[in-house]
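Residue numbering for the sequence shown is 1 to 191, as defined by UniProt numbering.
What follows is a set of notes on a single structure, which appears directly below.
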Amino acid sequence: MIEVLFLALALSMDAFAVSIGLGAKCKTSPVWLALMAGAYFGVFQALMPLLGVLGGISLLGWFEALAPWIAFLLLGIVGGKMIVESINQAPGGDAAAEVLSDTLSDTRIVTHKVMLVLAVATSIDALAAGVALPLIDFNPLLACLLIGVITGLFSCLGVFVGVKSGTLLGRRAELLGGVVLILIGFKILLT
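Put into structure tokens, the structure is as follows:
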């Protein structure tokens with residue numbers, strides 16, 4: 001059981017860091033964003049190790065070679081976009097509102113498309129971890145559920161931490177969030 005808890009905590013850290021960046025970008029009520037981040041990150045962190053369990057050892061060699069590059073590319077694109085938006089923001093302007101269309105309410109700062117990309121990018125390492133789950137003396141399905149729940153909770157918490165730090169950082173919050181995403185991508189690529 002303790003191995004699964006440590007695995008769940010380790011796998012949730014990328015989603016937690018990204019959620020802090022999302023929260024720092026949040027301009028109004030963070031509740032919707034926290035629920036969305038918790039749901040997306042939690043579900044993908046539960047599904048990816050399940051796919052790893054189902055895929056088995058045969059996919060591990062192929063996937064291990066590509067996974068860091070896929071995560072790096074996805075996080076780099078999203079992080080780079082956040083950095084460009086923060087640099088192009090006029091003093092006193094709202095870069096998030098300028099980028100998003102009027103179809104979104106102020107409480108939904110990020111789109112479902114962005115959340116999907118972030119959820120996939122931060123959960124790719126969980127796919128490889130899932131291959132090893134049957135080797136742990138614990139029910140793999142229950143382990144996947146636990147990983148998802150812990151990640152969901154940490155993601156919700158991360159949004160609120162980001163909201164608090166975002167008010168302290170001001171315009172630099174989006175820049176910091178983009179840098180964090182790119183650094184996470186590099187970390188995944190180098191480990």
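For every residue, glycine included, the Cβ atom is placed at its ideal position computed from N, Cα and C.
- Item | Between the CA atoms of V110 and L74 - distance to the nearest angstrom | For the purposes of this step, residue 74 is taken as the residue at position 74 of the sequence shown. For the purposes of this step, residue 110 is taken as the residue at position 110 of the sequence shown. Between L74 and V110, the C-alpha separation is close to 16 Å.
So what's I20 in DSSP terms, helix, strand or just coil?
As a position in the sequence shown, residue 20 is number 20, starting the count at 1. Three-state result, I20: helix.
- Query: Quick one: Cα of A37 to Cα of K113, how far?
  - Reply: Taking the sequence shown and counting its residues from 1, the one referred to as residue 37 is at position 37. Taking the sequence shown and counting its residues from 1, the one referred to as residue 113 is at position 113. Whole-angstrom Cα-Cα distance: 12 Å.
Our contact map puts G80 next to I182 with C-beta atoms below 8 Å; I'd like the distance itself, whole angstroms only. Indexing the sequence shown from 1 puts residue 80 at position 80. Indexing the sequence shown from 1 puts residue 182 at position 182. The pair is a contact, with the Cβ atoms about 7 Å apart (cut-off 8 Å).
Problem - Counted within 10 angstroms of its Cβ, other Cβ atoms place L116 as buried (16 or more) or exposed - result: Here residue 116 is taken as the residue at index 116 of the sequence shown, counted from 1. Exposed is the call here.
Query - Per-residue DSSP class, three states only, for F138 - result: Within the sequence shown, numbered from 1, the residue matching residue 138 stands at position 138. F138 falls in the coil class under three-state DSSP.
Rounded to whole angstroms, what is the Cα-Cα separation between A67 and P49?
Counting from 1 along the sequence shown, the entry for residue 67 is found at position 67. Counting from 1 along the sequence shown, the entry for residue 49 is found at position 49. Going from the Cα of A67 to the Cα of P49 covers about 13 Å.
Worksheet item: Are S189 and L127 closer than 8 Å when you measure CB to CB?
Response: Taking the sequence shown and counting its residues from 1, the one referred to as residue 189 is at position 189. Taking the sequence shown and counting its residues from 1, the one referred to as residue 127 is at position 127. First, the residue type needs correcting, since residue 189 is Leu and not Ser in the sequence shown. Not closer than 8 Å, so no.
Less than 8 Å between the C-beta atoms of A132 and L11, yes or no? Counted from its first residue, the sequence shown places residue 132 at position 132. Counted from its first residue, the sequence shown places residue 11 at position 11. No. Outside cutoff.
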